[in-house]
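Take any residue in the sequence shown, note its place counting from 1, add 22, and you have its number in my numbering.
Ideal placement from N, C-alpha and C gives every residue a C-beta, glycine not left out.
Quick caveat, the model's predicted, so the values are computed rather than measured.
Heads up, the thing below is written out as structure tokens.
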Amino acid sequence: MESDLGTFTPLGLQFTGSAQARAVMAEVMKLLKPINTTTLEEHGEGTDIEMWMDAGVPGASLHVADSRYFWFHHTNGDTMSVQRPIEMNLCSALWAVVAYVVADLEEMLPR
């Protein structure tokens with residue numbers, strides 16, 4: 023799991039994994055309907071998880087509405103003080119649900 027494109031309004035996840043793992047993740051994402059972050063897109067990405075995904079481990083990255091990303095990225099404004107609390111809370115909720123449910127599965131996500 024990687025989250026490196028900001029904590030803007032979450033749309034869902036980008037996911038790389040087998041068809042079986044994708045089917046499981048699609049069910050997990052349905053749990054996020056109350057906060058409207060159910061999208062599961064192709065191509066999870068991220069420098070920190072790339073080697074694992076290349077080895078066949080399922081990987082996911084946070085997909086956010088990132089149109090403001092470069093307003094802040096590596097600037098003096100790239101601080102917690104410019105975060106919108108509701109967006110941060112929604113991103114945290116998405117990751118909390120996904121991490122908890124996937125960790126609690128009876129079987130690991132299929133490779």
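DSSP, reduced to helix, strand and coil, places Leu112 within a helical segment of the structure shown. In the structure shown, Glu63 adopts extended strand secondary structure according to DSSP, grouped into three states.
Excluding sequence positions up to five before and after Cys113, its CB lies within less than 6 angstroms of the CB of Thr29 and Pro32, all in the same chain and listed in chain order. For Gln105, there is no enclosing alpha helix (DSSP H), since its DSSP letter is neither H nor E. For Pro32, the three-state secondary structure derived from DSSP is strand. With a beta-carbon spacing of about 14 angstroms, Ala82 and Met130 fall beyond the 8 angstroms limit used to define contacts. Rounded to whole angstroms, the separation of the alpha carbons of Gln42 and Val124 is 14 angstroms.
Comparing C-alpha distances from Arg133 to each of Trp74, Asn58, Asp100 and Gly99 shows the shortest one belongs to Trp74.
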